[in-house]
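What follows is a set of notes on a single structure, which appears directly below.
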Amino acid sequence: MAGEKKKIHIRLHVYDTDIEVDIMPENEPYCRRAAKLITDEVNSLSELYRTSRSEKEILFMAMLDIASCLELEKAHNDTEPYNNILTKITSEIEGALGVNSSAHDTDK
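In full-length UniProt numbering, the protein residues as written are 1 to 108.
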């Protein structure tokens, strides 16, 4: 199809491994930053724990650290509680004003 974007083939260096991936062009900067983040995290943990932990443990620690940060970020950006409150307030306001929300929607 003419309107579809083509994926590009790139090589990423992640810690001590080169990985080839096919991605959409607009995702390339995110993938490159993610590869750098992983590499930096593993290198930092390796400096701290190389004498007391296996390489596998260090890799798992890096994954856990990055995934924990992602989960915290998702929790801080959760808009569902706000949407629920806004829906409730809107219903209460419409009820107080005597506005029927289904009739209000059909006026548009």
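Virtual Cβ for every residue (Gly too), placed ideally from N, Cα, C.
Asked	Found
Give me, in chain order, the residues of the same chain whose beta-carbon lies closer than 6 Å to that of Asp18; leave out the 5 immediate sequence neighbours on both sides.	Arg11
Within 10 angstroms of the Cβ of Ile89, are there 16 or more other Cβ atoms? Answer buried if so, exposed if not.	exposed
Rounding to the nearest angstrom, what Cα-Cα distance links Thr24 and Lys5 in this structure?	The amino acid at residue 24 is misidentified as Thr; the sequence shows Met. In a straight line, the C-alpha of Met24 is about 7 Å away from that of Lys5.
Between the alpha carbons of Cys69 and Arg53, how many angstroms are there, rounded?	22 Å
Looking at Ile66 and Leu45, is the spacing between their C-beta atoms short of 7 Å?	no
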